[in-house]
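Participant:
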Amino acid sequence: LGLDMEELEEIEEDAGLGNGGLGRLAACFLDSMATLGLAAYGYGIRYEYGIFNQKIRDGWQVEEADDWLRHGNPWEKARPEYMLPVHFYGRVEHAATGAKWVDTQVVLALPYDTPVPGYMNNTVNTMRLWSARAPNDFNLRDFNVGDYIQAVLDRNLAENISRVLYPNDNFFEGKELRLKQEYFVVAATLQDIIRRFKASKFGSTDSVRTVFDSFPDQVAIQLNDTHPAMAIPELMRIFVDIEKLPWNKAWDITKQTFAYTNHTVLPEALERWPVDLVEKLLPRHLQIIYEINQRHLDHISSLFPNDVDRLRRMSLIEEGGTKRINMAHLCIVGSHAVNGVAKIHSEIVKTQVFEDFAALEPEKFQNKTNGITPRRWLLLCNPGLAELIAEKIGEDYVRDLSQLTKLHEFVDDDLFIREVAKVKQENKVKFALYLEKEYEVKINPSSMFDVHVKRIHEYKRQLMNCLHIITMYNRIRRDPAKLFVPRTVIIGGKAAPGYHMAKMIIKLINAVAQVVNNDPVVGSKLKVIFLENYRVSLAEKVIPATDLSEQISTAGTEASGTGNMKFMLNGALTIGTMDGANVEMAEEAGEENLFIFGMRVEDVTELDREGYNAQEYYNRLPELKQAIDQIKSGFFSPKEPDLFKDVVNMLFHHDRFKVFADYEAYVKCQEKVSELYLNSKAWTKMVIRNIAAAGKFSSDRTIKEYARDIWHVEPSDLKIPPPNEPRDAAEDKTPNGTAA
1 LGLDMEELEE IEEDAGLGNG GLGRLAACFL DSMATLGLAA YGYGIRYEYG IFNQKIRDGW
61 QVEEADDWLR HGNPWEKARP EYMLPVHFYG RVEHAATGAK WVDTQVVLAL PYDTPVPGYM
121 NNTVNTMRLW SARAPNDFNL RDFNVGDYIQ AVLDRNLAEN ISRVLYPNDN FFEGKELRLK
181 QEYFVVAATL QDIIRRFKAS KFGSTDSVRT VFDSFPDQVA IQLNDTHPAM AIPELMRIFV
241 DIEKLPWNKA WDITKQTFAY TNHTVLPEAL ERWPVDLVEK LLPRHLQIIY EINQRHLDHI
301 SSLFPNDVDR LRRMSLIEEG GTKRINMAHL CIVGSHAVNG VAKIHSEIVK TQVFEDFAAL
361 EPEKFQNKTN GITPRRWLLL CNPGLAELIA EKIGEDYVRD LSQLTKLHEF VDDDLFIREV
421 AKVKQENKVK FALYLEKEYE VKINPSSMFD VHVKRIHEYK RQLMNCLHII TMYNRIRRDP
481 AKLFVPRTVI IGGKAAPGYH MAKMIIKLIN AVAQVVNNDP VVGSKLKVIF LENYRVSLAE
541 KVIPATDLSE QISTAGTEAS GTGNMKFMLN GALTIGTMDG ANVEMAEEAG EENLFIFGMR
601 VEDVTELDRE GYNAQEYYNR LPELKQAIDQ IKSGFFSPKE PDLFKDVVNM LFHHDRFKVF
661 ADYEAYVKCQ EKVSELYLNS KAWTKMVIRN IAAAGKFSSD RTIKEYARDI WHVEPSDLKI
721 PPPNEPRDAA EDKTPNGTAA
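Residue numbering for the sequence shown follows our numbering, beginning at 1 and increasing consecutively.
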């Protein structure tokens, strides 16, 4: 048709239906589950508006609505034949036959199916996203005085449920609409699962009711953080109130069905819903949660008589002030398996965050280190590198990433070293052209591309990177003749719209960039770019072009991270703390092949015990003092000298993430990075060692572990015949003569 494929790909909108790592992880998992031939479904909400588009105006983040469906979405298929009702509000009637939830408001859930193809295996799974629709008699069935027009306009109220994604990452906002969204996806999904179970040969129906004994053998439900936690009381409601199962039997089946993945240890991120809100919106579910809690606490009392403090700590209900439901506690009690997402995180989950629960049932707690799909994060985004690897070790590694260890044989192969460096250089030139087109800044493609892209959050310490930029700037100005390894520092990411400090951090980075990029003394030695509207499609461009990956969260705060893995697989070296999956990356590649610096978890704990005193570092480190004084005095904001007073005040008086405590080690580590970059060959050899050690971080490995240890299903290598091949031909190929 004379169309350019690459141009076409550029036009397509991202489906930005998640905030950061957690949503992107789910997408990688769907790819792996299909590639491993698992009969798996991904369920979520079809938001009309996804994560906002970020514009930078005068250095500030401005949000715009992400109208991603404006031109239609060719990959989805609406399935009105599977539309399901979801109930809200109402009241509970108790009769001899059991509880009844009555006088509810009904919203319809309309499913849209998107195909998820496995890699070259003729398997296509389904992602089913629910959209909210008002029923046709909405606001017209109740003794309506006849304001028909208003009744139709009010349909929007029901349909607002799937209107927009809440843009918070690692932060809980207890809004009624958000709770409605959480229950909406859960209620629709569970009805769908039970419909499918009953239709299958396992839900053998007698005249009275379906036998649910086999339910946990046929169905596994993984809770992606606590956001779908209401699934636990909802499944109990279906079993007890509708299917009339006895409580203990229903509870046993429920626990065997659910497993819970914890994604964060930050207290402000943990969901704690006010009891009065749940009572208004989901009155029957609150009663069920109370009953679950009562039985749970009775059990603990029997094991630890008179230990009232333990009961308080382990209760699903938090007293004091407004009563709240601790959703993580609900998930732990209602699941047969609980996991963290990296070894260090799973240890923290067991020994600190949920230590009482782990003491009670240690066998329930597991680790499943996160992974990424090599199909998107190598083949699709970095075809040059993927092809180079295939030339050396064959193409099978795409399905079995552990085969990358074969690259160790070529770590001293001069030709291979040159080719790896050449692919990186080509990717850098391509990205530099993109930057020059988008940002009108001249980029030196031979400079080190130092990249820090992720959601903007205090714990991720973009501020520490910013202090390092200022330090480099001051060193160049102090001695312009001295050898300086040129850098292009690229920082990108979105701040939650209501997160004041994160927005100030973006403004500060842009203010520093303004000064650095226009100082003639600096020239092309140092450039700073804030990457606008960081998203998956932009990650696919920047990651293959990166030399240095910044993974510098305070030890013990980043549950895993997955960007770290993407950079490693694409030939970047990592500067990072011993946090999240960085620890396992260092374990796989050898600590000497990463730039590891700063406090370990134990050091952070110790510093908390002593009391962190930021002033002490400021007084002791002249370069830190100079950088802070410049921010404070208005050197970077001459028109508004006290613009950054909140940032400086935070760093001195309430910095939970201890930026100053790691500053010195970070700057020294960065000097080692620059030193190695001067030796192109030594740098590239270290890159090859990293790529060769990246195999563990495939989401295929992660999903195999979930399948084996939690879901109890076997991945199938059976190649389904392509649709154009007659079935009987495929059956003849099966070794024992039976159909696959």
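In this text, a Cβ means the ideal position worked out from N, Cα and C, and glycines have one as well.
Quick check on DSSP: helix, strand or coil for residue 319?
Facilitator: As a working note, residue 319 is residue 319 in the sequence shown. Three-state result, residue 319: coil.
Participant: Taking only the alpha-carbon atoms, compute the straight-line gap between residue 207 and residue 199 and give it to the nearest angstrom.
Facilitator: Position 207 of the sequence shown, counted from the first residue, corresponds to residue 207. Position 199 of the sequence shown, counted from the first residue, corresponds to residue 199. Because the pLDDT at residue 207 is just 41, under 50, the model does not fix this residue reliably, and the value given afterwards should be weighed accordingly. Looking at the two C-alpha atoms, the distance is approximately 15 angstroms.
Participant: To the nearest angstrom, how far is the alpha carbon of residue 427 from that of residue 433?
Facilitator: Locating residue 427 in the sequence shown gives position 427, where the first residue counts as 1. Locating residue 433 in the sequence shown gives position 433, where the first residue counts as 1. The straight-line gap from Cα to Cα measures roughly 10 angstroms.
Participant: Below 8 angstroms CB to CB, which residues in the same chain sit around residue 564 once its five sequence neighbours on both sides are set aside?
Facilitator: Here residue 564 refers to the residue found at position 564 of the sequence shown. Once the five neighbours on either side are set aside, the close Cβ partners of residue 564 are 549, 551, 574, 576, 580, 581, 582, 585.
Participant: If I follow the unbroken beta strand (DSSP E) through residue 548, where does it start and stop?
Facilitator: As a working mapping, residue 548 is identified with position 548 in the sequence shown. From DSSP, the beta strand (DSSP E) with residue 548 extends over 548 to 551.
Participant: Give me the DSSP bridge partner(s) of residue 132.
Facilitator: Locating residue 132 in the sequence shown gives position 132, counting from the first residue. BP columns for residue 132 point to 109.
Participant: From residue 497 to residue 48, what does the alpha carbon distance come to, in whole angstroms?
Facilitator: On the sequence shown, position 497 is the one that residue 497 refers to. On the sequence shown, position 48 is the one that residue 48 refers to. If you take the alpha carbons of residue 497 and residue 48, they lie about 18 angstroms apart.
Participant: Is residue 259 helix, strand or coil when you go by DSSP?
Facilitator: Numbered from its first residue, the sequence shown carries residue 259 at position 259. Three-state result, residue 259: strand.
Participant: For residue 127, which of helix, strand or coil comes out of DSSP?
Facilitator: For this step, residue 127 is matched to residue 127 along the sequence shown. The answer is strand: DSSP assigns residue 127 an E or B state.
Participant: How should residue 524 be labelled, buried or exposed, when 16 other C-beta atoms within 10 angstroms of its C-beta is the threshold for buried?
Facilitator: Taking the first residue of the sequence shown as position 1, residue 524 is located at position 524. Counting Cβ neighbours within 10 Å, residue 524 comes out exposed, since fewer than 16 surround it.
Participant: Looking at the structure shown, is residue 461 part of a helix, part of a strand, or coil, going by DSSP?
Facilitator: As a first step, residue 461 is located in the sequence shown; it is residue number 461 there, counting from the start. The answer is coil: DSSP assigns residue 461 none of H, G, I, E or B.
Participant: Once you ignore the five residues that flank residue 61 on each side, which residues in its own chain have a CB closer than 6 angstroms to its CB?
Facilitator: Translated into the one-based positions of the sequence shown, residue 61 becomes position 61. Around residue 61: 54, 495, 503, 506.
Participant: Is the Cβ-Cβ distance between residue 335 and residue 439 less than 8 angstroms?
Facilitator: The residue given as residue 335 occupies position 335 in the sequence shown. The residue given as residue 439 occupies position 439 in the sequence shown. No, the pair does not count as a contact, with Cβ atoms beyond the cut-off.
Participant: Determine, using beta carbons only, whether residue 617 and residue 555 come nearer to each other than 8 angstroms.
Facilitator: Counted from its first residue, the sequence shown places residue 617 at position 617. Counted from its first residue, the sequence shown places residue 555 at position 555. No, the pair does not count as a contact, with Cβ atoms beyond the cut-off.
Participant: Just the C-alpha distance for residue 603 and residue 646, rounded to the nearest angstrom, thanks.
Facilitator: Translated into positions along the sequence shown, residue 603 becomes position 603. Translated into positions along the sequence shown, residue 646 becomes position 646. Roughly 27 angstroms separates the two Cα atoms.
Participant: Using 8 angstroms for Cβ pairs, my map puts residue 686 next to residue 593. What's the rounded Cβ distance?
Facilitator: In the sequence shown, counting from the first residue as 1, residue 686 sits at position 686. In the sequence shown, counting from the first residue as 1, residue 593 sits at position 593. Rounded, the Cβ-Cβ distance is 5 angstroms, consistent with contact.
Participant: Apply the 10 Å Cβ neighbour rule to residue 39 and answer buried if 16 or more other Cβ atoms are within range, or exposed otherwise.
Facilitator: Taking the sequence shown and counting its residues from 1, one reaches residue 39 at position 39. The residue in question, residue 39, is exposed, as its Cβ has fewer than 16 Cβ neighbours within 10 Å.
Participant: How far does the beta strand (DSSP E) with residue 157 in it extend, from its first residue to its last?
Facilitator: The residue labelled residue 157 in the question sits at position 157 within the sequence shown. Premise fails: residue 157 lies in the alpha helix (DSSP H), 155 to 159, not in any beta strand (DSSP E).
Participant: Whether or not the region 237 to 250 and the region 272 to 288 are in contact is what I'm after, with contact meaning three or more pairs of Cβ atoms, one per stretch, closer than 8 angstroms; do they touch?
Facilitator: Segments in contact, yes.
Participant: Specify the secondary structure class of residue 564 as computed by DSSP and reduced to three states.
Facilitator: In the sequence shown, residue 564 corresponds to position 564, counting from 1. Three-state result, residue 564: helix.
Participant: Residue 470 and residue 630 look like a contact to me (Cβ under 8 angstroms); what is the Cβ gap, rounded to whole Å?
Facilitator: Position 470 of the sequence shown, counting from 1, holds the residue named residue 470. Position 630 of the sequence shown, counting from 1, holds the residue named residue 630. With a Cβ gap of about 6 angstroms, residue 470 and residue 630 count as contacting.
Participant: Taking only three categories from DSSP, how would you classify residue 522?
Facilitator: What you label residue 522 is simply residue 522 of the sequence shown in a count that begins at 1. Residue 522: coil per DSSP, three-state reduction.
Participant: Is it true that the CB of residue 343 sits closer than 8 angstroms to the CB of residue 705?
Facilitator: Locating residue 705 in the sequence shown gives position 705, counting from the first residue. Locating residue 343 in the sequence shown gives position 343, counting from the first residue. Not a contact, by the Cβ cut-off of 8 angstroms.
Participant: To the nearest angstrom, how far is the alpha carbon of residue 146 from that of residue 152?
Facilitator: Position 146 of the sequence shown, counted from the first residue, corresponds to residue 146. Position 152 of the sequence shown, counted from the first residue, corresponds to residue 152. Distance between the alpha carbons of residue 146 and residue 152 is about 11 angstroms.
Participant: Is the region 464 to 480 close to the region 413 to 429, with three or more CB pairs under 8 angstroms?
Facilitator: These segments do not touch.
Participant: On the criterion of 16 or more Cβ atoms from any shown chain inside 10 Å, does residue 302 qualify as buried, or is it exposed?
Facilitator: Residue 302 sits at position 302 when you count from the first residue of the sequence shown. The residue is exposed, with fewer than 16 neighbouring Cβ atoms inside 10 Å.
Participant: Can you tell me the Cα-Cα spacing of residue 3 and residue 123, whole angstroms?
Facilitator: In the sequence shown, residue 3 corresponds to position 3, counting from 1. In the sequence shown, residue 123 corresponds to position 123, counting from 1. Roughly 29 angstroms separates the two Cα atoms.
Participant: When the Cα of residue 713 is compared with those of 13, 24, 33, which residue comes out closest?
Facilitator: The residue given as residue 713 occupies position 713 in the sequence shown. The residue with the shortest Cα to Cα distance from residue 713 is 33.
Participant: Beta-carbon of residue 299 versus every beta-carbon of chain C: anything under 8 angstroms?
Facilitator: Judged by its chain identifiers, the structure shown contains no chain C, having just a single protein chain.
Participant: Taking three-plus beta-carbon pairs below 8 angstroms as touching, is the region 112 to 130 in contact with the region 22 to 36?
Facilitator: These segments touch.
Participant: Hey, residue 112 and residue 46 are a contact pair by Cβ (cut 8 angstroms); roughly how many whole angstroms apart?
Facilitator: Along the sequence shown, one-based indexing puts residue 112 at 112. Along the sequence shown, one-based indexing puts residue 46 at 46. About 5 angstroms separates the two Cβ atoms, so the contact holds.
Participant: So for residue 398, helix, strand or coil by DSSP?
Facilitator: Counting from one through the sequence shown, the residue named residue 398 turns up at place 398. Correct three-state label for residue 398: helix.
Participant: Tell me residue 324's beta-bridge partners as DSSP assigns them.
Facilitator: Here residue 324 corresponds to residue number 324 of the sequence shown, with the count starting at 1. Note: residue 324 sits in a beta bridge opposite 274, 318.
Participant: From this set, 443, 520, 448, which residue's C-alpha is nearest residue 480's C-alpha?
Facilitator: Position 480 of the sequence shown holds residue 480. Of 443, 520, 448, the residue nearest in Cα terms is 520.
Participant: Starting from the C-beta of residue 447, find all residues in its chain whose C-beta is less than 6 angstroms away, skip the five residues before and the five after it, and write them out in chain order.
Facilitator: Against the sequence shown, residue 447 aligns to sequence position 447. Closer than 6 angstroms at Cβ, skipping near neighbours: 486, 487, 488.
Participant: With 16 as the cutoff for other CB atoms within 10 Å, does residue 120 come out buried or exposed?
Facilitator: Mapped onto the sequence shown, residue 120 falls at position 120. It is exposed - the Cβ of residue 120 has fewer than 16 other Cβ atoms within 10 Å.
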